[in-house]
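Chains A and B supply the protein sequences, listed in that same order. Residue numbers for the first sequence, in our numbering: 936 to 1288. Residue numbers for the second sequence, in our numbering: 936 to 1288. Beta carbons are placed, not taken as given, at the ideal position from N, Cα and C, and that holds for glycine. As the structure is a prediction and not an experimental result, all values here were calculated from the model. Report on the structure given below.
2 protein chains.
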Amino acid sequence: MTLSRRGTRSDRALRPRERAEKRAVVAVTIRDVARQAEVSVATVSRALSAPDLVRPATRDRVLAVAAELGYQPNRAARSLITGRTGNIGIVVPDLENPFFTGVLKGLQARARQADYAVFVSDSDEDPTAEAMLVRAMAKQVDGIVLAAPALDDDQLYAIAEDTSLVLLNRRLRGISAALMNSAAGMRQVLEHLVALGHRRCGYLHGPRTSWSNRERRRGLRAAATQHGVELVELGPFPPRYEGGLQAADLAVAADVTAIIAYNDIMALGVLARLRDRGIPVPEAVSVTGFDDLVFASLCSPPLTTVAMPLGQAGRLAVDLLLEHIASDRTEISQVDLETQLIVRGTTSTPATN
Amino acid sequence: MTLSRRGTRSDRALRPRERAEKRAVVAVTIRDVARQAEVSVATVSRALSAPDLVRPATRDRVLAVAAELGYQPNRAARSLITGRTGNIGIVVPDLENPFFTGVLKGLQARARQADYAVFVSDSDEDPTAEAMLVRAMAKQVDGIVLAAPALDDDQLYAIAEDTSLVLLNRRLRGISAALMNSAAGMRQVLEHLVALGHRRCGYLHGPRTSWSNRERRRGLRAAATQHGVELVELGPFPPRYEGGLQAADLAVAADVTAIIAYNDIMALGVLARLRDRGIPVPEAVSVTGFDDLVFASLCSPPLTTVAMPLGQAGRLAVDLLLEHIASDRTEISQVDLETQLIVRGTTSTPATN
DNA sequence: TTCACGACAGAAAACCTTTACATCACGGTG
DNA sequence: CACCGTGATGTAAAGGTTTTCTGTCGTGAA
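As structure tokens, then:
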């Protein structure tokens, strides 16, 4: 299957540009630097990692030689003795979901600033795979960020037992977390709809096990009760485009005036399905999403949704993780980031029939 | 700035679930297994990595003990002596571009199958950053995939000199590459437009330095010449939504009947701008994209575009890289993957005025 | 019976770095 | 003048694994 669409396999033996001494790249070690600078290896090591322990004159000489030789410490050797790897890992449910790549982008940038490299894995929304990936990663990172994990509480606690862990969009007592206040975002959504005059709204559930889904529902129900709005719950649906297609028909049948989708991708599916069925948005029914993906503003009509601080959450996750590591795994913090309703073209006053 | 939107920092000292013996996790080493199985460490090592060198009875005993103790080889120690890390790296220009995350997803999955972990870095389309990231990565991976690199040929050759390298969407003599046949895709686009009756088309350039851009233009020009179509070249523009907004006006002013965008994101920008100006698509002007992002089918009208084998390219890149590594860096292959025109709603016969 | 050889397992070196400890010189204090 | 503290550097151990070299044992052939 993989091969089926492959084209011609050409140039099997292209001339490499320079074959000579490719093998001769033996990597310069700390001994080479020591010899050249006429000091011991210990001094070189110190000059690089604890500069104030060595006399300035010596330090400068060592550093000069190191630079000249292009010395790069061998990370394997270093981490063998220090127990630190200089890496962090993140496992996300779906790399094709812009929500997670937004987080990943911020996380990657911050990690780089702190001189950490980042491993990434995609669990395909499968809890079993998630656990496996974490286990595989654990040995070669200083800590792991788990984005919207599907694992249950006990398994997460078990993981936190022997590796530094930060959760993203999942709150669990005793484990650091970067959280986005979805409940507040959903409250804003509902109050927006109430202001427009809606009295019967449908919520399209995301995955039942998802913390975010529970949070969003919680915020929604609280606000609905408070404002005396009838809330029809539908689903759960897969949090994907196809889920939205499927959900749209159910929502229409449930005779609601507004459809509140678990996330933008589902909302886009809903919009597509409604368009196919000739049901005008927002005239016949209002639709809202959640996440504010770039593409939410590009469809027509542009989607009313809730903006999430994705990059910020990614950066925060790194900060929390490094804090946790630096404090010998004793420091725990959970930080809530605020979300923001973005009103666009898919919401208006309900049809008067 | 980072802190500005943070909410309350709570629960500074939540009770960790189980504090006792968190420190006692000392990791079981090969010696422990050896002692328990009453063999030497050498035998344990062999039982795990070269099973046929040890008598079945012994091997089974060792394996049983290893499993019982939950032994996991220390990768740092292993790579210290073998020189292999078991990691590969990929650097992409933009993690928020679905094109690259599509590739990343496939790449990650394949790497996992082969028991490799993957480092990811985002260069933010900056060649300098790109070079830096590669250098930083080089020491801790067995090979690197460079997606649509912005670096110039010489720098790429320099990198290939001392690390295994696979390029994605960039062809360079003597370096392995996974390529998508954009030229053929663009030929299909133009022939589609010709068939509809278009005779004067505008091409919106992507970044001038981009190999993909040159390829697309090449395919387009060849087909245009062959079919006697007038091709107006505009740009370059940034390959983003904003670039499309900007390009749309220029294309309209150039009085073409069809706008061929460098990629989908730009095409979406074009569509948005045309909508704002009240220019109907495809009645007044046809528009095409390139990449077939999920969202290309969700806008209205849905975008005519060219599908790229993203996941396949990611998997292929891993295969090429591992092949290159396994062959002692002597094997070079360049593989072209086919692209596919997807006709949707943004193309039709030209306006007859 | 002896010898050669193969199959198996152990001992030890090697990979490169960090760091605890030792050494040394020097200046100050009692 | 003896002693001590301090700052700068060197020595060597340690970290966990792979791999080469060596040794042992048993088997089959001469």
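Alpha carbon to alpha carbon, how far is residue j from residue i? Give it in angstroms, no decimals.
| i | j | result |
| --- | --- | --- |
| V1270 (chain A) | D995 (chain B) | 49 Å |
| T963 (chain B) | L988 (chain B) | The question names Thr, but residue 963 (chain B) in the sequence shown is Val. Going by the C-alpha atoms only, they are around 23 Å apart. |
| Q1090 (chain A) | V1026 (chain A) | 15 Å |
| L1209 (chain A) | D1190 (chain A) | 14 Å |
| L1180 (chain B) | V997 (chain A) | 54 Å |
| Y1092 (chain B) | L1107 (chain B) | 9 Å |
| L1276 (chain B) | L1155 (chain B) | 13 Å |
| V1069 (chain A) | V1076 (chain A) | 10 Å |
| V1187 (chain B) | A1286 (chain B) | 13 Å |
| P1008 (chain B) | Y1051 (chain B) | 15 Å |
| A1219 (chain B) | L1131 (chain B) | 13 Å |
| P1142 (chain A) | L1086 (chain A) | 13 Å |
| S1268 (chain A) | G1109 (chain A) | 8 Å |
| A1231 (chain B) | Y1176 (chain B) | 12 Å |
| V1241 (chain B) | R1047 (chain B) | 29 Å |
| G1018 (chain A) | M1072 (chain A) | 15 Å |
| A1044 (chain A) | D1088 (chain A) | 29 Å |
| G1178 (chain B) | G1246 (chain A) | 22 Å |
| P1174 (chain A) | A969 (chain B) | 49 Å |
| I1094 (chain A) | R1279 (chain A) | 42 Å |
| L949 (chain B) | A1202 (chain A) | For L949 (chain B), the predicted model reports a pLDDT of 39, less than 50, meaning its position is unreliable; a value from the coordinates is still stated below. Going from the Cα of L949 (chain B) to the Cα of A1202 (chain A) covers about 37 Å. |
| V1129 (chain A) | P1237 (chain A) | 20 Å |
| L1272 (chain A) | N1198 (chain A) | 18 Å |
With 16 other CB atoms within 10 Å as the buried threshold, where does residue i fall?
| i | result |
| --- | --- |
| P1244 (chain A) | buried |
| S984 (chain A) | exposed |
| E1150 (chain B) | buried |
| T1274 (chain B) | buried |
| I1200 (chain B) | buried |
| G1120 (chain A) | buried |
| R990 (chain B) | exposed |
| T1282 (chain B) | buried |
| T1020 (chain B) | buried |
| G1170 (chain A) | buried |
| P1033 (chain B) | buried |
| E1031 (chain B) | buried |
| S975 (chain B) | exposed |
| R1010 (chain A) | buried |
| P1215 (chain A) | exposed |
| E1065 (chain A) | buried |
| A977 (chain A) | exposed |
| P986 (chain B) | exposed |
| T1144 (chain B) | exposed |
| T1160 (chain A) | exposed |
| T1265 (chain B) | exposed |
| A1118 (chain A) | buried |
| D1097 (chain A) | exposed |
| R958 (chain B) | Legend: pLDDT at R958 (chain B) = 35, less than 50; position of this residue unreliable, value from coordinates given subsequently. Result: exposed. |
Using CA coordinates, which residue listed in the options is at the minimum distance from residue i?
| i | options | result |
| --- | --- | --- |
| A1308 (chain A) | B:D1184, B:G1224, B:S1235 | Examination of residue 1308 (chain A) is not possible in this model, given that chain A is present from 936 through 1288 alone. |
| I1023 (chain A) | A:E1003, A:E1031, A:V1055, A:Q1123 | A:V1055 |
| I1194 (chain B) | B:F1035, B:D1226, B:T1239 | B:T1239 |
| L1251 (chain A) | A:A1112, A:S1147, A:L998 | A:A1112 |
| M1115 (chain A) | A:A1248, A:G1213, A:T1281, A:T978 | A:A1248 |
| L1166 (chain B) | B:A1196, B:D1184, B:S1147, B:G1178 | B:A1196 |
| E1126 (chain A) | A:T1144, A:D1097, A:A1158, A:N1148 | A:A1158 |
| G1204 (chain A) | A:A1071, A:A1182, A:S1147 | A:A1182 |
| A1049 (chain A) | A:A1231, A:G1246, A:D1254 | A:D1254 |
| D967 (chain B) | B:T993, B:A982, B:A1001, B:R981 | B:A1001 |
| T993 (chain B) | B:D1029, B:V979, B:Y1006, B:E1003 | B:V979 |
| R1212 (chain A) | A:L1185, A:R1134, A:P1174, A:P1237 | A:L1185 |
| V1124 (chain A) | A:V1164, A:A982, A:L1004 | A:V1164 |
| L1004 (chain B) | B:R981, B:A982, B:A972, B:D1029 | B:A972 |
| N1148 (chain A) | A:R1134, A:P1084, A:H1162 | A:P1084 |
| H1133 (chain A) | A:L1233, A:E1168, A:F1035, A:S1221 | A:S1221 |
**OP:** Evaluate contact between the stretch 1091 to 1106 of chain A and the stretch 1065 to 1082 of chain A, counting only Cβ atoms and requiring at least three cross-stretch pairs below 8 Å.
**Re:** At 8 Å Cβ cutoff, the stretches touch.
Original post:
Mind pulling the alpha helix (DSSP H) runs of 4 or more residues that sit fully within the stretch 1228 to 1273 of chain B?
Top reply: Those alpha helix (DSSP H) runs which fall completely within the stretch 1228 to 1273 of chain B and span 4+ residues are 1245 to 1261.
Original post:
Can you give, in chain order, each stretch of the beta strand (DSSP E) that sits fully within the stretch 1115 to 1192 of chain B and has at least 3 residues?
Top reply: Within the stretch 1115 to 1192 of chain B, the complete beta strand (DSSP E) runs of at least 3 residues are 1135 to 1139, 1165 to 1169.
Original post:
Would you call the stretch 1252 to 1267 of chain B and the stretch 1128 to 1139 of chain B in contact, with 3 or more CB pairs under 8 Å?
Top reply: Touching, no.
Subject >> Every unbroken beta strand (DSSP E) inside the stretch 976 to 1063 of chain A [3 residues or more] >> reply: Entirely contained in the stretch 976 to 1063 of chain A, the beta strand (DSSP E) runs reaching 3 residues are, in chain order, 1022 to 1027, 1052 to 1057.
Original post:
Would you call the stretch 1055 to 1068 of chain A and the stretch 1031 to 1049 of chain B touching, i.e. three or more CB-CB distances under 8 Å?
Top reply: Touching, per the Cβ criterion.
Original post:
So, do the stretch 1009 to 1016 of chain A and the stretch 1221 to 1235 of chain A have three or more beta carbon pairs nearer to each other than 8 Å?
Top reply: Not touching, per the Cβ criterion.
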